[in-house]
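The block underneath contains the structure these notes are about, expressed in structure tokens.
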Amino acid sequence: MRAGTRFDDAVARTAWPIELHDRPEGYVWEMFDSDHIHYVPLRSMTPPDVHNLVAAGRCVDGDAAALSSVRVMGPCAAMGAAAAHALHLAGTGSVHDADLGRLAGRLTANLDGHEGYPR
Ligand SMILES: Cc1cc2nc3c(=O)[nH]c(=O)nc-3n(C[C@H](O)[C@H](O)[C@H](O)COP(=O)(O)OP(=O)(O)OC[C@H]3O[C@@H](n4cnc5c(N)ncnc54)[C@H](O)[C@@H]3O)c2cc1C
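Per my numbering, the very first residue in the sequence shown carries number 22; after that it's consecutive.
Written out as structure tokens, the structure is:
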């Protein structure tokens with residue numbers, strides 16, 4: 022996860038800090054600047070070798086730092102919505118071929134931070 026990068030296949034966004042619970046001494050917070058946002062790419066939710074499986078929430082692929090941020094409830098809900106729209110747009114085809122522009126259009130309320138309507 023590179024801070025602030027909006028990937029071509031971005032489907033969810035969050036500003037939650039890195040919040041690691043990976044050591045017995047306690048947890049680690051790494052805060053971002055107040056205007057920071059980072060994005061979850063669809064490719065982290067679609068196992069490459071499986072035709073039509075979409076993961077969301079704690080099941081997505083990412084390194085420990087990325088997962089320590091995107092696993093909280095807001096981005097989990099956003100990923101769930103993105104998974105549902107990706108599967109709907111794929112129809113009888115593969116979710117790997119989903120139209121990323123149409124998908125982003127359906128997710129604009131989260132991705133762009135304003136009210137949007139499905140296209
Ligand atoms: C103690 C604790 C405190 C937290 N506090 C916060 C907080 O304050 N704010 C925040 O944003 N996040 C918090 N989190 C993190 C956040 O709640 C989780 O990371 C988030 O809920 C993960 O969402 P998920 O959809 O990946 O998994 P889950 O919410 O765990 O959902 C998975 C669901 O799948 C079900 N399931 C499992 N196996 C099967 C099966 N075989 N068949 C059918 N269903 C199954 C489970 O019952 C569960 O309902 C906290 C987490 C914990 C553990």
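Backbone N, C-alpha and C fix where the C-beta goes; we use that ideal spot for every residue, glycine too.
- The segment 26-40 and the segment 60-72 touch, with three or more beta-carbon pairs separated by less than 8 Å.
- Considering only Leu110, Gly134 and Leu121, the residue with the shortest C-alpha distance to Phe28 is Leu121.
- The set of residues with any CB-heavy atom separation to ligand 1 below 5 Å comprises, in chain order, Gly78, Arg79, Arg92, Val93, Met94 and Cys97.
- The segment 94-108 makes no contact with the segment 49-58; the number of CB pairs closer than 8 Å stays below 3.
- Counted as a single uninterrupted DSSP element, the beta strand (DSSP E) harbouring Ala33 occupies residues Ala31 to Thr35.
- Only exposed fits Asp133, as fewer than 16 other CB atoms lie within 10 angstroms of its CB.
- With respect to the 9 Å criterion, Val75 and Ala104 are classified as neighbours on the basis of their beta carbons.
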